[in-house]
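Novice: For reference, the structure I am asking about is given below.
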Amino acid sequence: MEKRLDEANNMLDLMVSKGCNPDCVTYNTIINGYCKAKRVEDGLKLFRKMSIREVVTYNTLVQGFSQAGKVEVAQETFEEMVSQGVHPDNVTYNILVDGLCENGKLDKAIQIFEDLQMSKMELDIVIYNIIIHGMCNGSKVDDAWNLFSSLPHKGVKADVKTYTIMIGGLCKKGSLSEADMLFKKMGEDGIAPNECTYNTIIRAHLGEEMKRCGFSADASTMKMVIDMLSNGRLDKSFLSMLS
DNA sequence: CTAGGGTTAG
């Protein structure tokens, strides 16, 4: 967790030298550490050396490759898992579908999600949250809304994340009044908003308020930003807010 | 008498 992977590896060698054999949890802890440290290739090397093939390790690797932006390799790892006879579980599909969404492959994510719905796997709210989030970020807020609205028929109960994701999607689309209505409905449905929900809706309202007050990136604003960037009062990451 | 490792929102 502290990204001190080489020390962790030395510890692994030490335990082996003392006759204490690592098991799948030991290995997975280190493989996950490699992935979090953006060293998924090193994680894969360790994986190739071990003989245990279980679902959690594959899940770790699929996520590692996705988060390293190598979603094709993540998909290949998933295929390998299936061909090795290791059965994917809910977490596998959550990781795979989220990885596809985060790497610009929303259509593929939706396709897998639809296959899952036809399968006899029991889907819980997590996969719905992931796909609704993917749709909202992929400019398919209307599709997200339709899916969100279908949850009661499917016997799946929306949680605070579902509402927050959907409210965020409506805000992004510019439908602030619909977002407000959903925020109200969420309370009526007995789901309490949390800090994420409030941040989402407050940010959208502030953005509207700024527009109404005539704030925009005009010449004088740009000059102010450029000045503040040059004297260091404003961090460069601020610019990402503007796009 | 068998822990501990992998998943979603701004």
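Quick note: the first sequence uses my numbering, first residue -13, plus one each step.
Virtual Cβ for every residue (Gly too), placed ideally from N, Cα, C.
Quick caveat: nothing in here was measured; it's all calculated off a predicted structure.
1. Exposed or buried, N7, counting other C-beta atoms within 10 Å across all chains shown (16 or more means buried)?
2. According to DSSP, simplified to helix, strand and coil, what is L137?
3. Looking at A144 and G120, is the spacing between their C-beta atoms short of 7 Å?
4. Count Cβ pairs between the region 6 to 22 and the region 36 to 44 that sit closer than 8 Å; are there 3 or more?
5. Expressed to the nearest angstrom, what Euclidean distance is found between the alpha-carbon atoms of S229 and G29?
6. Tell me, please, whether the region 82 to 89 touches the region 41 to 60 by the rule of three or more beta-carbon pairs shorter than 8 Å.
7. Which residues in the same chain have their Cβ closer than 7 Å to the Cβ of C199, if we skip the five residues on either side of it in sequence?
8. Between the C-alpha atoms of A(-6) and P74, what's the straight-line distance to the nearest angstrom?
9. Out of D175, N123, A178 and L(-2), which one is the CA nearest neighbour of G154?
10. Could you tell me the distance, in whole angstroms, from the CA atom of Y149 to the CA atom of S3?
11. On the three-state DSSP scale, how would you describe M107?
12. Starting from V146, follow the alpha helix (DSSP H) in both directions and report where the run begins and ends.
13. Whole angstroms are fine: how far does the CA of L156 sit from the CA of A130?
14. Go to L(-9), then tell me how far its alpha helix (DSSP H) extends in each direction, as first and last residue.
15. Between G193 and S125, what straight-line distance do the alpha-carbon atoms span, to the nearest angstrom?
16. Taking DSSP as the reference, what is the three-state secondary structure of Q61?
17. When the Cα atoms are used, what is the spatial distance from L133 to K(-11)?
18. Using 10 angstroms around the beta-carbon of G50, count the other beta-carbons present and answer buried if the total reaches 16, otherwise exposed.
Specialist: Checking against the coordinates, here is how it stands:
1. The count along the first sequence starts at 1 and reaches residue 7 at position 21. With fewer than 16 other Cβ atoms inside 10 Å of its own Cβ, N7 counts as exposed.
2. Residue 137 sits at position 151 when you count from the first residue of the first sequence. Coil, per DSSP.
3. To locate residue 120, count along the first sequence from 1; it is residue 134. To locate residue 144, count along the first sequence from 1; it is residue 158. It is not a contact, given that the beta carbons lie outside the stated cut-off.
4. yes
5. Translated into positions along the first sequence, residue 229 becomes position 243. Translated into positions along the first sequence, residue 29 becomes position 43. Any reading at S229 must be qualified, since the residue scores a pLDDT of 46, below 50, and its modelled position is unreliable; no value is offered.
6. yes
7. The residue labelled residue 199 in the question sits at position 213 within the first sequence. No residues qualify anywhere along the chain.
8. On the first sequence, residue -6 is found 8 positions in, with the first residue counted as 1. On the first sequence, residue 74 is found 88 positions in, with the first residue counted as 1. One C-alpha to the other measures close to 28 Å.
9. On the first sequence, residue 154 is found 168 positions in, with the first residue counted as 1. With distances taken between Cα atoms, G154 lies closest to N123.
10. For the purposes of this step, residue 149 is taken as the residue at position 163 of the first sequence. For the purposes of this step, residue 3 is taken as the residue at position 17 of the first sequence. Between Y149 and S3, the C-alpha separation is close to 52 Å.
11. Working through the first sequence from its first residue, we reach residue 107 at position 121. DSSP places M107 in coil when its eight states are reduced to three.
12. Residue mapping note: residue 146 aligns to position 160 of the first sequence, counting from 1. V146 to K159 is the span of the alpha helix (DSSP H), which, as asked, contains V146.
13. Here residue 130 is taken as the residue at index 144 of the first sequence, counted from 1. Here residue 156 is taken as the residue at index 170 of the first sequence, counted from 1. Distance between the alpha carbons of A130 and L156: 10 Å.
14. Counted from its first residue, the first sequence places residue -9 at position 5. Segment L(-9) to S3, the alpha helix (DSSP H) holding L(-9).
15. Sequence index remark: in the first sequence, residue 193 carries index 207 (1-based). Sequence index remark: in the first sequence, residue 125 carries index 139 (1-based). When rounded, the distance between both Cα atoms is 19 Å.
16. Working through the first sequence from its first residue, we reach residue 61 at position 75. Here Q61 sits in helix by DSSP.
17. As a position in the first sequence, residue 133 is number 147, starting the count at 1. As a position in the first sequence, residue -11 is number 3, starting the count at 1. So the alpha carbons of these two residues sit roughly 39 Å apart.
18. Taking the first residue of the first sequence as 1, we reach residue 50 at position 64. With 16 or more Cβ atoms within 10 Å of its Cβ, G50 is classed as buried.
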